[in-house]
Amino acid sequence: NQGVAAAGAYFWDDTGDQLWNCLYAKNFWHLPIPAQPLTDITLPNGIHYRCIEPQTRYEIRYDDPDGDELHVSLTFTAVTAPHYLGTSHLDQPGRYQGTIVLRGEEIPVDSFGFRDRSWGPRSQFGSTLMSSGAAHGGYSYATASERDAFHTITMDFGSGCQSIHGYLLRDGEWAKLTSATREVVERSPSTGFPVRVRVDGVDALGRELHAEGRCLNQLGFPINPNLFTVNCLVEWQFDGVTAFGEDHDNWSAAGIRAFSREFLGRG
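So for the sequence shown, this note's numbering puts the first residue at 5; every next one is plus one.
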């Protein structure tokens, strides 16, 4: 309603875990939204979205607006229908295919990934995560195939990270998670960022989920002024399969400061 948007692009591997030492990081605030349909829109920073088939297939492009460092051309094809959290958030696994050109190196892409979308206000103020009452939370997923996957959003209200939203896809049968926990089993002693993560849960069909994750890289950055995240590419083991996905260690601005002072002993 203000006619502006924020948009960013982040690329990292195991050689850098901060904005200054990762492969590429560029975020723009208060970009003017062009007079284009949201189903086919190009933002001034070089990000282009096109809906090919609603809730099923999307085209994503990005061209570095300040040079020739990065070019992205990908297509997302959904694996399942979107999973809604209330009326203002959705999550959806899918397959990304296309190419990334990073500093002249062309990287072919054909892998499972994820998309999520939220809409509505997010306060810049408050000591807790998105005014939820929790200073800490998580976002974890893996997709092994069109038939085997899981996802959970967790929040810590004082008794550990508990699932508020998620699903289990096993042998092609999808069901909501009725309960789950996320635990960071090991953190880096130098940054406090996750190294190993575990998710345990039960779905509406009574099936148990036990997933062990090894973080292959980490990137810590503020998604918005009051949401700091550590995003990790994760190799997950669950249901006897190996799958790749992510784990996000999410904090309010006050929450990550307090945790880091205590964990790193710099209080």
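Note that CB positions come from ideal geometry on N, CA and C, so glycine has one too.
Treat the numbers as computed from the prediction; the structure is a model and nothing was measured.
- By the 16-neighbour rule on beta-carbons within 10 angstroms, Arg265 is exposed.
- Taking Ser194 as reference, the option from Gly71, Gly162, Phe267 and Trp33 with the minimal CA-CA separation is Phe267.
- In this structure, the beta-carbon distance from Asp152 to Arg174 falls below 8 Å.
- Annotated three-state conformation of Gly249 is strand, per DSSP.
- Here DSSP, grouped into helix, strand and coil, assigns Ser144 to strand.
- Per DSSP, reduced to three states, the secondary structure at Gly124 is coil, with no helix or strand assignment.
- The criterion of a C-beta distance shorter than 8 Å is satisfied by Val206 and Thr182.
- Contact between Leu106 and Phe15 holds: their C-beta atoms lie close to 7 Å from each other, under 8 Å.
- Between the alpha carbons of Leu223 and Glu250 lies a distance of about 11 Å.
- Judged by their CB atoms, Leu220 and Glu239 are nearer to each other than the 8 Å cut-off.
- When DSSP reads this structure, Gly50 sits in no beta bridge, so it has no partner.
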